[in-house]
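Here's the structure we're looking at; comments come further down.
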Amino acid sequence: MLLKKTTEEAHPLDPLSPSEISSVAKVLRATFPSNKVIFRVITLAEPPKALLVPYLSAERANLPRPVVPRKAFCQYYLDDRQQFHQLEIDIATKELSAREALPGKHSYTDAEEGVRAEAACLADLKVQDAIKQLDLPENAVIVVEPWTYAPDGLEDMSQRIIMCYIHMRLSSHKDANHFAYPLDICAQMNSDYKVTKVFALPGAESGRMVEWDGTGKKFDRRKIHAGSEYHPDLQTERRETTTPYQVVQPDGPSFDIEGNLIRWEKWRLRVGFNYREGLTIHDVSYDGREVFYRLSLSEMFVPYGDSRSPYPRKAAFDLGNNGAGVNANNLQLGCDCLGSIKYFDAYHNTLSGEPLKLSNVVCCHEQDDGILWKHTNFRTNNAVVTRSRILVLQTVITVNNYEYIFAFHFNQAAEISYEVRATGIMSTNPIPIYAHVQSGTVVAPGVLAPFHQHLFSLRIDPSIDGHKNSLLVEESHALPFRDPTVHNPAGIGYTTTKRIIEHETALDTDVSTARTFKLINENILNAMSGTPIGYKLVPHYSQMLLAHADSL
């Protein structure tokens, strides 16, 4: 479990318990007795560093720890979804602070709201008429995919807008793949779950949506195809060529877990979880030395490249718009993790302020990771090899069509890796049979998977032997050749340049100079090299955002 039972027992970084969530909701209702409170977020307000660092230092040294107040961070609507607010509540004293109205800002869209949006869309008479005009097959079942509206300049965004993209499945099986059949209409919905507009979607390369006028083209039945189902119940044959593979640890795992505190090999770290970021890692040390204060995924952005209206509205900030925590999978339901596994639960809140259990949202397990080190002495032909074992902390989220697998890997050489894998199903748009659209790939008859990017932003807060850390940029450059002032007679010499980044700035990778980034402590030198201790930050080489700087 991620949670302690009472406030007295709770660590300052432990997520809120069910009783704490209920207590906070009660305080908020009492604060607004004449209003209906719609609870969007009740989560831990992480203590400021000034309070938390002394606590963590004392805890690691097994010394008496100072008192750190536990506070809850709350976001909520009053009466309707027009007034969005946030504040903090001291759980012990019930004192309110940091109260703020958030005009023009909106909350995330979760599965509960998605179900409500789908039902409201399907109940709308204009939507029903538009669907009827399509003349769909008799066995068609309509499915609505609600999306948070990304601004495209056509709406003022003072109120939240939900886009409802309409699909069908050709089976009564609820897991049939509706993404295989995107339909030629969509609806726009306001924050009261009322459909305000119905659109006919574009077909041609240069087309754009137009408001539905009561008439429309019929569904092209040449689009009906086989081979798009993923659920085992709907597949005619499955691969059965592999023999059983078992991951067994007869003596149990090597890690030790006490509440949210994990000890494994020389690592010591604390697990956290919240509605927005999902899995968070705190107070990481190796062999008794501090290395990181906090690690988490901060945001991920998925802009779609189909410029035909309304598709520029598909631009998802999946953590801010949807939430990694609230969309986390129950990992015990499948084979997401193997071996001797420790699962962690968390709690969120319902719209009415009740605790909502999120079961098994983080799994902790060990993996064999190939060879850690090897050397063969050619004189004796003796080889020494060491296998690599890693500790994995993993969470998986589902955001509409996509699944994202996020995993922190801790190895036996004091390295930390962050792995992101995307799986699931492509988001699809309808196109005419045999049409060509330059910003996507045809994946089925009349079905376009638009090009898109995945941009992940990590939050890294280092504490390498303390909190006085610096960012260093290091590059490799060839030495001048045939320069009388530089000794490089063979022309093969090169060296590195280093510079400390003093102010916030954007920095890109550069393969031509093997540019690397190091998080260092300038005050402590490595006893052998005489250079500052630190961690090398090795980002994945990838293309940057393709959207124009002046784009919406």
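Read in full-length UniProt numbering, the sequence shown has 366 at position 366, and its numbers run on one by one without any break.
Glycine included, C-beta positions come from ideal geometry on N, C-alpha and C.
Just so we're clear, the structure is a prediction, and the values are computed from it rather than from any experiment.
* Asked: Which whole-angstrom value is the C-beta distance of R422 and H452, which I expect to be below 8 Å?
  -> Before going on, a small fix: residue 422 reads as Ala here, not Arg. Between H452 and A422 the Cβ distance is about 10 Å, and since that is not below 8 Å, they are no contact.
* To do: In angstroms with no decimal places, state the Cα-to-Cα distance between K4 and D14.
  => Only weak support exists for where K4 lies, its pLDDT of 36 falling under 50; the value from the coordinates is given anyway. Answer to the nearest angstrom: the Cα atoms are 7 Å apart.
* Anticipated Cβ contact below 8 Å, Y286 with A414, distance rounded -> 5 Å
* To do: Whole angstroms is fine: what's the gap from F344's alpha carbon to C337's?
  => Here the alpha carbons of C337 and F344 stand approximately 13 Å from one another.
* **Option in I533, I524, A490 and L471 with minimal Cα separation from T505** => Residue L471 is the option with its Cα nearest to T505.
* To do: Reducing DSSP to helix, strand and coil, say where H178 ends up.
  => helix
* Environment of H173 [buried if 16+ CB atoms lie within 10 Å] -> exposed
* Can you say whether W147 is buried or exposed, counting buried as having 16 or more other CB atoms within 10 angstroms of its CB? => buried
* **CA nearest to the CA of L391, picked from I520, I257, A316 and T531** => I257
* If N329 and T280 are in contact, beta carbons under 8 Å, what's the gap, nearest whole angstrom? -> About 17 Å; that fails the 8 Å criterion.
* **Nearest-angstrom Cα separation, counted from S206 out to V486** => 59 Å
* **Inter-residue Cα distance where the pair is I371 and S417** => 16 Å
* **C-alpha distance - L16 paired with T242, whole-angstrom precision** => Take the alpha-carbon of L16 and the one of T242: they are about 44 Å apart.
* Asked: Where does V41 land, buried or exposed, given buried means 16+ other C-beta within 10 angstroms?
  -> buried
* **Nonlocal neighbours in the same chain, by C-beta distance under 6 Å from R294, ignoring five residues either side** => Excluding five sequence positions before and after R294, the CB atoms of its chain that fall closer than 6 Å to its own CB belong to H282 and D461, given in chain order.
* To do: Over the uninterrupted beta strand (DSSP E) stretch that includes S97, give me the two end residues.
  => Where S97 is concerned, the enclosing beta strand (DSSP E) stretches over L96 to A101.
* In this structure, does DSSP put A123 in helix, strand or coil? -> The answer is helix: DSSP assigns A123 an H, G or I state.
* Asked: Just the Cα atoms here: how many angstroms apart are A30 and N349?
  -> 17 Å
* What residues match up with W264 in a beta bridge as DSSP calls it? -> W267
* To do: Please confirm whether P253 and E366 have their CB atoms less than 7 Å apart.
  => yes
* To do: Measure from the alpha carbon of R121 to the alpha carbon of each residue in L269, R169, V198 and V361, then state which is nearest.
  => A small correction: the amino acid at residue 121 is Cys; Arg does not occupy that position in the sequence shown. Looking at the Cα atoms, V198 is the closest of the given residues.
* Opposite G534 in the DSSP bridges: which residues? -> Looking at the DSSP assignment, G534 forms a beta bridge with I520.
* Asked: What residue from V284, G259, N260 and F255 has the CA that sits closest to L269's CA?
  -> V284
* Does the stretch 61-68 come within contact of the stretch 105-113, defined as at least 3 CB pairs closer than 8 Å? -> As far as the Cβ criterion goes, the stretch 61-68 does not touch the stretch 105-113, which means the pair count is below three.
* Asked: Which one of N523, G466, A527 and M544 has the shortest CA to CA distance from V53?
  -> G466
* **Inter-residue spacing [alpha-carbon to alpha-carbon] between L297 and T495** => 34 Å
* Asked: Does DSSP classify N35 as helix, strand or coil?
  -> Secondary structure of N35 (DSSP, three-state): coil.
* Asked: For T7, which of helix, strand or coil comes out of DSSP?
  -> Only weak support exists for where T7 lies, its pLDDT of 43 falling under 50; the value from the coordinates is given anyway. Note: T7 maps to coil in three-state DSSP.
* Does the Cβ of G104 have 16 or more other Cβ atoms within 10 Å, making it buried, or fewer, making it exposed? -> exposed
* Asked: In angstroms, rounded to a whole number, what distance separates the CA positions of Y535 and T497?
  -> 17 Å
* Beta-carbon proximity check, F73 vs T93, cutoff 7 Å -> no
* To do: Tell me where the alpha helix (DSSP H) around V53 begins and ends.
  => K49 to R60 is the extent of the alpha helix (DSSP H) around V53.
* In terms of alpha-carbon separation, which member of F456, V361, A449 and R313 lies closest to L319? -> F456
* Once you ignore the five residues that flank S78 on each side, which residues in its own chain have a CB closer than 8 Å to its CB? -> For the record, residue 78 in the displayed sequence is Leu; it is not Ser. Only F32, N35, K36, V37, I38 and H85 meet the Cβ criterion.
* Since T380 is in the beta strand (DSSP E), which residue starts that stretch and which ends it? -> No beta strand (DSSP E) holds T380; DSSP gives it neither H nor E.
* Asked: Just to confirm, are I405 and F179 a CB contact at a threshold of 7 Å?
  -> Going by C-beta atoms, I405 is not nearer than 7 Å to F179.
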